[in-house]
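Protein chains in written order, with this note's numbering: chain A, 1 to 281; chain B, 282 to 562.
Structure below.
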């Protein structure tokens, strides 16, 4: 990678302690996740306000610009500077974003958690996407990924009420893990990190604790990722988009259970170790 | 109630069967929730595309216009006609929406599931809201509500991957229950039904299966509802907004357990039946 924009390093406090009463009137203190506005300015023009946990604001901003197709290459971005004292991030581009008014005019309010707004025309782009035809995933690697997520330290375990997304290599190594109050923010932040570090999605596995609604599947496709795993489920349109692209959609991933809905040819079934596991139950 | 706009009755199929493979390669059929675009046209002008389950599209459209503060009174709406053959809903207003371009220009992409986009300035309105100072909730009614939700027939039980929202009276009667792929759609649909039937939120209880992020709390406040219950948790900003308004925020509602985070004076603790229940465990 040749180019990397200047980035601030403005991670914020991720949890906040509050007093609660329980059903017997007992007082205690629990942690809840932070949630703060982050208004994105691009070349001094206000673009959008994202509500975020605040753990990876620079990557979130980059991924948002990337996934909304407002910026085509990371080389177009000069700097991303977060200033929590004003809840804002200032993005400077090298040459400005052409036609930004028109390109942000259409709104789709999506079903996802979090960053639910997609600027116009994303569905049109799905047809143009081709995922790696040769990417395969071993069943044992799938189990390894699910287990890694189960044991991962997280804000979720401390405070609940956030979604986690992660990127894994084809052999099950954790590359990135991001949590946010909305799963769309978390996937955008991962997209931003991939962009920054020039990591292709071609042979990668994407895991989310949230649902694989249409927009999540479309974002996965935009990142070129052939494998989407969820602890939760999917929707009709998420399923349809994945099927159209030949993407492998795994839902209800938990322990050694999963459901494979589309892209079955990409999974390398490994019956023996699994049956051993079943017998050991 | 004097006025009611003309509404279509265009509920759509809410689940969709798909074939899946499990971890042993066994094939079966499961139901997943529908998810479809619904493009809202107001007086022939395209406003937004909502991704929805499709169970209550007219109420969703009304509640969206209401919660975005685009229409002030139900009497301004002449008709709401959904046509699934083109995935669109046509809203006709009596006199048009003044200044619609300017009022839909600012975007806040929120942390909620679903309809995450709020047009500008909602936070500014929170200060102007006053909830009923006298509204109280009995602990036994809270338990009744949680139990009603637990036993409620639902798309969630059939197909997963949807959020449910419900409105209850102060004595625990279920008034409305709406599910959608995003919890913001579900809350908007309830708001639309309340608007249609001239139901005030003053003494009502709102229940959601989803998280009480800032936008959910703000929407509850806009509906004038003093009690928000969630099976899940909240976030720092949801908590802050509720505290500011003196709203009672209950999280982790399950069985006879809950956490009360703000607005404690509104709960009428009933220790005896609860302790009896505890002793009976």
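Glycine included, each C-beta is placed from N, C-alpha and C at the ideal position. The structure displayed is predicted, hence computed values, not measured ones.
Counting along the chain, no alpha helix (DSSP H) covers residue 362 of chain B; the unbroken beta strand (DSSP E) around it starts and ends at 358-364.
Scanning A:15, A:241, A:10, A:159 for the CA closest to the CA of residue 130 of chain A turns up A:241.
For the stretch 69-103 of chain A, no residue has a beta-carbon sitting nearer than 9 Å to a beta-carbon of chain B. Residue 258 of chain A belongs to the set of residues whose beta carbon lies under 8 Å from a beta carbon in chain B. At least one CB atom of chain A sits nearer than 8 Å to the CB of residue 517 of chain B. From the beta-carbon of residue 32 of chain A, the residues of chain B found nearer than 7 Å are 514, 515, 516, 517, 520. Comparing alpha carbon positions, the residue from B:495, B:335, B:414 closest to residue 291 of chain B is B:335. Chain A places no beta carbon closer than 8 Å to that of residue 549 of chain B, leaving this residue out of the contacts. Chain B places no beta carbon closer than 8 Å to that of residue 208 of chain A, leaving this residue out of the contacts. DSSP, read as helix, strand or coil, puts residue 173 of chain A in coil. For the stretch 290-371 of chain B, the full-length beta strand (DSSP E) segments reaching 3 residues or more read 296-303, 308-314, 317-323, 326-333, 358-364 along the chain. Within 8 Å of the CB of residue 154 of chain A, no CB atom of chain B is found; the nearest one sits about 14 Å away. Taking 8 Å as the CB threshold, residue 181 of chain A lines the interface with chain B. Residues 191, 194, 201 of the same chain have their beta carbon placed closer than 7 Å to that of residue 223 of chain A, with the five preceding and five following residues left out of the count.
Residues of the same chain with a CB within less than 7 Å of the CB of residue 333 of chain B, apart from the 5 flanking positions on each side, are 317, 319, 341, 461, 462, 466 in chain order. In terms of beta-carbon proximity, residue 130 of chain A stays away from the interface with chain B, with every pair separated by 8 Å or more. Three or more beta-carbon pairs separated by less than 8 Å are not found between the stretch 293-312 of chain B and the stretch 212-223 of chain A, which leaves the two stretches without contact. By the rule that beta-carbons nearer than 8 Å mark a contact, residue 306 of chain B touches chain A. Within the stretch 172-226 of chain A, the runs of alpha helix (DSSP H) at least 4 residues long that lie entirely inside it are, in chain order, 183-196, 214-222. In this structure, residue 530 of chain B keeps its C-beta atom at 8 Å or more from the C-beta atom of residue 538 of chain B. The beta strand (DSSP E) runs lying completely inside the stretch 118-154 of chain A and spanning 3 residues or more number zero. As the crow flies, the alpha-carbon of residue 154 of chain A is around 15 Å from that of residue 231 of chain A.
In the displayed model, residue 92 of chain A falls within a strand according to three-state DSSP.
Take residue 21 of chain A, set aside five residues on each side of it, and the residues of its chain with a beta-carbon closer than 7 Å to its own are 27, in chain order. Residue 450 of chain B and residue 138 of chain A have their C-alpha atoms some 52 Å from each other. The beta carbon of residue 214 of chain A sits closer than 8 Å to some beta carbon of chain B. Taken through DSSP and simplified to helix, strand or coil, residue 527 of chain B comes out as coil. For residue 533 of chain B, the secondary structure class from DSSP, reduced to helix, strand or coil, is strand. A direct Cα-Cα distance of roughly 19 Å separates residue 367 of chain B from residue 287 of chain B. Distance from the Cα of residue 134 of chain A is smallest, within the candidate group A:265, A:157, A:166, for A:265.
Cβ contact annotation for residue 324 of chain B (same chain, cutoff 8 Å, sequence separation greater than five): 372, 373, 374, 377, 378, in chain order.
Rounded to whole angstroms, the separation of the alpha carbons of residue 187 of chain A and residue 56 of chain A is 11 Å. Using beta-carbon distances, residue 211 of chain A counts as an interface residue toward chain B, with a partner under 8 Å. Chain order gives the chain A residues near residue 545 of chain B as 21, where near means a beta carbon separation below 8 Å. Rounded to the nearest whole angstrom, the CA to CA distance from residue 140 of chain A to residue 227 of chain A is 14 Å. In the three-state scheme derived from DSSP, where H, G and I count as helix and E and B as strand, residue 164 of chain A is classed as strand.
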